[in-house]
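In our numbering, the protein residues as written are 802 to 915. Virtual Cβ for every residue (Gly too), placed ideally from N, Cα, C.
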């Protein structure tokens, strides 16, 4: 069974102060982190293409700078995912849970009136 939702409930929530705060908190974390990660990734790509001597510098054994930077790409991806999950749990989820509860209670009230 498909439940039909009153779009006005969601429009009211979206226009509310709490939802705007949720969006602000998300964007203030996600946009700078995205820019930082893309800059880090592009640095790796540019160095691989134009600084071959530097990237080929052996650090120990057969391990060179390019390999270390490549592995650090994976490490930074996992660190960003971990940091985002902590940020979301602390700053986003409490507001999202309140908004979800509000939407569900408004939906139930709307369902009873029909």
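Close-in-space but distant-in-sequence residues of the same chain around residue i (CB under 7 Å, 5 per side omitted)
i: residue 915; result: A caution first: residue 915 carries a pLDDT of 48, below 50, which makes its placement in the model unreliable, though a value can still be read off. Excluding sequence neighbours, residue 915 sits near nothing in its chain.
Under 7 Å between C-beta atoms of residue i and residue j
i: residue 813; j: residue 893; result: no
i: residue 865; j: residue 857; result: yes
Through-space distance from residue j to residue i, alpha-carbon basis
i: residue 867; j: residue 883; result: 24 Å
i: residue 896; j: residue 847; result: 40 Å
i: residue 766; j: residue 809; result: In this structure the chain extends from 802 to 915, so residue 766 is not present and cannot be described.
i: residue 835; j: residue 849; result: 21 Å
i: residue 863; j: residue 819; result: 54 Å
i: residue 837; j: residue 845; result: 13 Å
i: residue 860; j: residue 852; result: 16 Å
Chain-order list of residues whose beta-carbon lies under 8 Å from that of residue i (same chain, five-residue window excluded)
i: residue 842; result: 874
First through last residue of the beta strand (DSSP E) which encompasses residue i
i: residue 860; result: 859-861
Residue i - containing alpha helix (DSSP H), residue span
i: residue 880; result: 866-888
Residues near residue i in its chain [Cβ-Cβ closer than 6 Å; skip 5 each side]
i: residue 888; result: 830
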